[in-house]
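Sequence lines, in order, name chains R and D.
Everything in the first sequence is counted per our numbering, starting at 1123 for the first residue and increasing by one.
Everything in the second sequence is counted per our numbering, starting at 38 for the first residue and increasing by one.
Have a look at the structure below before the remarks.
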Amino acid sequence: MAERLASWSHAVRAYLLIAGMWVRSTMTYRASFVLMAVGNCLASALDFVAILLMFSHIDALGGFTLPEIALLYGATCTSFGLADLILGNAERVGQRVRDGTFDTLLVRPVPVLAQVAADRFALRRLGRIAQGLAVLGWGVAAADVAWTPLKALFLLVTVVAGAAIFCAVFLAGAAFQFWAADASEVANSFTYGGVTMLQYPPTVFARDLVRGVTFVVPLAFVNWLPVLRLLGRDDPLHLPGWVSLCGPLVAVLLLGLTGLVWRAGLRSYRSTGS
Amino acid sequence: MRLYAAVAVSGFRRHATYRVATAAGVFTNTVFGFILAYTFIALWDERPHLGGYDQGQALTFVWVGQALLAAVSLMGGGFEQELQERIRNGDIAVDLYRPADLQLWWLSADLGRAGFQLLGRGVVPLAAGALCFELTLPTAPLRWLLFLCAVTLAVVVGFALRYLMALGAFWLLDNAGVLMVGQLLSLFFSGMLLPLTVFPGTFGDVAQALPWAAVFQVPVDVLLGRYAGTGLAGALGFQAGWAALLLALGRLTQARATRKAVVQGG
């Protein structure tokens, strides 16, 4: 047990060291970094501007008001931003497999996952997190919810668990590239596609699609189910109430599962030899 | 002329090499098409005829958007990173020595790329959308031909914009921020997120006059048959005007840049 703990702390330390190195390297071009961070923030804000433009014509979308959608949007964007910051660059595995530089990672005395995750660590992604938090803050203030400390804690846990779920999706996408190095874009369907979908209320989508993101790729636990509970609304699938509390459990199970998939992918890796 | 045709063909073939990546892109475009289609249905349920479109036209807007996304490089991608990198590391000096025009060279390559991505990334998502939703696609071959003209002009305008941005690398050590801003502008003001006709008031009018409208909004409107007669000529003229202006601006910038460029020998 103590040995396992030591290896975990070794991995985390390595991750932080590599990430720190990239942060220092980013700061060489400070103006460019500021521009990129602002750009990152604006890029993710554009989706919300589109929603605002929609609401200049309507009062409710799928039965949800703007503050309610802001709550959904803010929660998912913050979660996604965190996952993107921590693990977003794992999607570059495919490129490393193709050009042969993945072998270099294997011979270093540092866990491969820590290296892959911290590779080109992009601090500019704080921009996206800031934007998500801003919308979330406004949603919290404006939505018709009687906030209690317990509900606030629930929201906090939801955002963290949501980030963990997105981390698992990123990890699965990275592992998938051991088998299909060129297909990194498929992962975007679940990461960027997922976050786009979760910004809107579930009532907008066809029921089968909602079923799919509840039971197959459990993205519904990122924000839909918990936020619906906070808003005191029924979910379109009429699941029992306790299900919406399962976010952290789903996150842990999913991380465990994708961890195994990652390991299997790593084992099956054959170098291109170049 | 033959040289540039050959460059275009090689641009086409270069992108045709990545079959798995193309399939992955098609998959992602289709998934996004579904997600956006449902949000548009919800919006047009609330406000039928929003922006002058009925629901079928709005859905067509979504799916044509996914089909054109790669071809007109709305999210960037294509050549600008490559050109910018060549400027940064000095390889551009070799390019300038070549007996070919720099701008035409990259334009030909980009047209070839667009040609492949229109076929490889465009047909399947649009077909998937037409299968699963009620789209308003024209049956007249002439309308499709005009659409193709509008898409070609859209590719040229998109190219000219990105060429200008990439030239920023002559002045900045790290041009990535400029490209990013360019990408955001293109995503928002092309109408990809939401049709420009839905943008309110003067803001909407301004947005429809900007070059990014020529990259996406205009070709879709041509396909949807919102222009007829002189209006149609005006729409294509709007695209051609921006294309000419931006290409000229690119040449001017390039001339200024090459006069100041100093290549470190070694």
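Think of the CB as a built atom: it goes at the ideal place given N, C-alpha and C, for glycine as much as any other residue.
Just so it is clear, the structure is predicted and the values come from calculations on it, not from any experiment.
Check your understanding: Measuring CA to CA, which of Ala-58/D, Asp-258/D, Ala-167/D and Ala-130/D is closest to Gln-276/D?
Key -> Along the second sequence, read from residue 1 onward, the residue named residue 276/D stands at position 239. Scanning Ala-58/D, Asp-258/D, Ala-167/D and Ala-130/D for the CA closest to the CA of Gln-276/D turns up Asp-258/D.
Point to revise | At least 3 beta-carbon pairs within less than 8 Å: the region 186 to 193 of chain D vs the region 253 to 270 of chain D | key: Three or more beta-carbon pairs drawn from the region 186 to 193 of chain D and the region 253 to 270 of chain D are found closer than 8 Å, and the two stretches are therefore classed as touching.
Review point. Does the beta carbon of Asn-1211/R come closer than 7 Å to any beta carbon on chain D?
Key: As a first step, residue 1211/R is located in the first sequence; it is residue number 89 there, counting from the start. No, Asn-1211/R does not count as interfacial toward chain D.
Check your understanding: Any C-beta of chain R sitting closer than 7 Å to the C-beta of Ala-281/D?
Key -> Position 244 of the second sequence, counted from the start, is the residue given in the question as residue 281/D. Taking a beta-carbon distance threshold of 7 Å, Ala-281/D does not count as an interface residue toward chain R.
Practice item. Could you check what DSSP says for Leu-1361/R in three-state terms: helix, strand or coil? Key: Counted from its first residue, the first sequence places residue 1361/R at position 239. If DSSP states are grouped into helix, strand and coil, Leu-1361/R belongs with coil.
Check your understanding: Can at least three beta-carbon pairs, one atom from the region 1214 to 1227 of chain R and one from the region 1260 to 1269 of chain R, be found at a separation below 8 Å?
Key -> Contact between the region 1214 to 1227 of chain R and the region 1260 to 1269 of chain R is absent: fewer than three C-beta pairs spanning the two stretches fall below 8 Å.
**Study point:** Residues that Glu-1307/R contacts on chain D, provided the C-beta gap is smaller than 7 Å
**Key:** Mapped onto the first sequence, residue 1307/R falls at position 185. Within chain D, the residues placing a beta-carbon under 7 Å from that of Glu-1307/R are Ala-58, Ala-61, Gly-62 and Thr-65, ordered along the chain.
Exercise for review: Throw me the rounded Cβ distance for the Gln-140/D and Ala-107/D pair, which I believe falls under 8 Å.
Suggested key: In the second sequence, counting from the first residue as 1, residue 140/D sits at position 103. In the second sequence, counting from the first residue as 1, residue 107/D sits at position 70. In this structure Gln-140/D is not in contact with Ala-107/D, their Cβ atoms being roughly 22 Å apart against a cut-off of 8 Å.
Check your understanding: Nearest chain R C-beta to Val-68/D closer than 7 Å, yes or no?
Key -> To locate residue 68/D, count along the second sequence from 1; it is residue 31. Taking Cβ atoms only, chain R reaches closer than 7 Å to Val-68/D, which makes this a yes.
Point to revise | Contact with chain R by Ile-124/D, beta-carbon distance below 7 Å | key: Numbered from 1 along the second sequence, position 87 holds the residue referred to as residue 124/D. Judged by the 7 Å Cβ criterion, Ile-124/D is not in contact with chain R.
Practice item. Can you tell me which of the three DSSP states Phe-184/D falls into? Key: Reading the second sequence from its first residue, position 147 is the one you call residue 184/D. Note: Phe-184/D maps to helix in three-state DSSP.
Practice item. Check the Cβ of Leu-1164/R against every Cβ in chain D and list those closer than 7 Å, keeping chain order. Key: In the first sequence, counting from the first residue as 1, residue 1164/R sits at position 42. Correct list: Leu-221.
Check your understanding: Are the region 170 to 181 of chain D and the region 193 to 203 of chain D touching by the rule of at least three beta carbon pairs closer than 8 Å?
Key -> Here the region 170 to 181 of chain D does not lie against the region 193 to 203 of chain D, with fewer than 3 beta-carbon pairs under 8 Å apart.
Point to revise | Close-in-space but distant-in-sequence residues of the same chain around Val-1383/R (CB under 7 Å, 5 per side omitted) | key: As a position in the first sequence, residue 1383/R is number 261, starting the count at 1. Within the same chain, Val-1383/R has close Cβ partners Ala-1294 and Ala-1297.
Exercise for review: Answer yes if the region 225 to 237 of chain D comes into contact with the region 149 to 164 of chain D, meaning at least three C-beta pairs across the two stretches below 8 Å, and no otherwise.
Suggested key: The region 149 to 164 of chain D, when compared against the region 225 to 237 of chain D, does not touch it at the 8 Å Cβ threshold.
Review point. Can you tell me whether Asn-1310/R is buried or exposed, with buried defined as 16 or more other CB within 10 angstroms of its CB?
Key: For the purposes of this step, residue 1310/R is identified with residue 188 of the first sequence, where counting begins at 1. Here Asn-1310/R is buried. Its C-beta has 16 or more other C-beta atoms within 10 Å.
Review point. Does the beta-carbon distance from Val-252/D to Val-109/D come in below 7 Å?
Key: The residue labelled residue 252/D in the question sits at position 215 within the second sequence. The residue labelled residue 109/D in the question sits at position 72 within the second sequence. It is a contact, given that the beta carbons lie within the stated cut-off.
Practice item. Please specify which runs of the alpha helix (DSSP H), each continuous and at least 4 residues long, are wholly inside the region 200 to 287 of chain D, giving them in chain order. Key: The region 200 to 287 of chain D contains these whole alpha helix (DSSP H) runs: 213 to 226, 238 to 246, 248 to 252 and 254 to 260.
Review point. Can the beta-carbon of Val-1257/R be found closer than 7 Å to that of Ala-1192/R?
Key: The count along the first sequence starts at 1 and reaches residue 1257/R at position 135. The count along the first sequence starts at 1 and reaches residue 1192/R at position 70. In this structure, Ala-1192/R lies closer than 7 Å to Val-1257/R by Cβ.
**Study point:** Within chain D, the residues that Asp-1330/R reaches when beta carbons sit closer than 9 Å
**Key:** In the first sequence, residue 1330/R corresponds to position 208, counting from 1. Residues of chain D passing the Cβ test: none, with the nearest at roughly 11 Å.
**Study point:** Alpha-carbon spacing of Gly-303/D relative to Pro-1370/R, whole angstroms
**Key:** As a first step, residue 303/D must be located in the second sequence, where it is residue number 266. As a first step, residue 1370/R must be located in the first sequence, where it is residue number 248. Here Gly-303/D scores only 46 on pLDDT, less than 50, and its place in the model is too uncertain to base an answer on.
Review point. Got a sec: is the Cβ-Cβ distance from Ala-305/D to anything in chain R below 7 Å?
Key: What the structure shows of chain D is the stretch from 38 to 303, and residue 305/D is not part of that stretch, so it cannot be assessed.
Check your understanding: On the three-state DSSP scale, how would you describe Leu-1174/R?
Key -> The residue given as residue 1174/R occupies position 52 in the first sequence. Of the three classes helix, strand and coil, the one that applies to Leu-1174/R here is helix, per DSSP.
Exercise for review: Give a yes or no on whether the minimum CB-CB distance between Val-257/D and chain R is below 7 Å.
Suggested key: To locate residue 257/D, count along the second sequence from 1; it is residue 220. With 7 Å as the cut-off, Val-257/D does not count as an interface residue toward chain R.
Exercise for review: Go ahead and pull the three-state DSSP assignment for Leu-1127/R.
Suggested key: Here residue 1127/R refers to the residue found at position 5 of the first sequence. Leu-1127/R: helix per DSSP, three-state reduction.
Practice item. State buried or exposed for Gly-1161/R, treating a residue as buried only when at least 16 other CB atoms are found within 10 Å of its CB. Key: Taking the first residue of the first sequence as position 1, residue 1161/R is located at position 39. With 16 or more Cβ atoms within 10 Å of its Cβ, Gly-1161/R is classed as buried.
Practice item. Examine chain D for any beta-carbon lying closer than 7 Å to the beta-carbon of Gly-1249/R, and answer yes or no. Key: The sequence position of residue 1249/R within the first sequence is 127, counting from 1. So, not an interface residue.
Review point. By Cβ distance, which residues of its chain are closer than 7 Å to Asp-132/D, with the 5 residues on each side in sequence left out?
Key: Here the question's residue 132/D lines up with position 95 in the second sequence. Excluding residues within five positions, the ones whose Cβ falls inside 7 Å are Arg-123 and Leu-139.
Review point. Could you give the distance in angstroms between the alpha-carbon of Glu-119/D and the alpha-carbon of Leu-210/D?
Key: Locating residue 119/D in the second sequence gives position 82, where the first residue counts as 1. Locating residue 210/D in the second sequence gives position 173, where the first residue counts as 1. Linking Glu-119/D to Leu-210/D through their CA atoms gives a straight-line distance of about 15 Å.
Practice item. Indicate whether Val-1344/R and Ser-1154/R have their beta-carbon atoms separated by less than 7 Å. Key: Indexing the first sequence from 1 puts residue 1344/R at position 222. Indexing the first sequence from 1 puts residue 1154/R at position 32. Val-1344/R places its beta carbon 7 Å or farther from that of Ser-1154/R.
Point to revise | Whole beta strand (DSSP E) elements within the region 1333 to 1396 of chain R, 3-residue minimum | key: With a minimum length of 3 residues, no continuous beta strand (DSSP E) run stays inside the region 1333 to 1396 of chain R.
Point to revise | Within chain R, partners of Thr-76/D - CB distance below 7 Å | key: Locating residue 76/D in the second sequence gives position 39, where the first residue counts as 1. Going along chain R in sequence order, the residues near Thr-76/D (Cβ under 7 Å) are Tyr-1322 and Val-1326.
Review point. Going along the chain, which residues of its own chain have a beta-carbon closer than 6 Å to the beta-carbon of Phe-1406/R, five neighbours each way excluded?
Key: This structure cannot speak to residue 1406/R, because chain R is shown only from 1123 to 1396.
Check your understanding: CB-CB under 6 Å to Gln-121/D, same chain, minus the five flanking residues each way: which ones, in chain order?
Key -> Locating residue 121/D in the second sequence gives position 84, where the first residue counts as 1. The answer, listed in chain order, is Ala-203, Ala-206 and Asn-212.
**Study point:** Within chain R, the residues that Leu-106/D reaches when beta carbons sit closer than 7 Å
**Key:** Counting from one through the second sequence, the residue named residue 106/D turns up at place 69. Around Leu-106/D, no beta-carbon contact reaches into chain R at under 7 Å, the shortest distance being about 12 Å.
Check your understanding: Quick one: is Ala-1283/R buried, meaning 16 or more other Cβ sit within 10 Å of its Cβ, or exposed?
Key -> Here residue 1283/R is taken as the residue at index 161 of the first sequence, counted from 1. By the 10 Å Cβ count, Ala-1283/R comes out buried.
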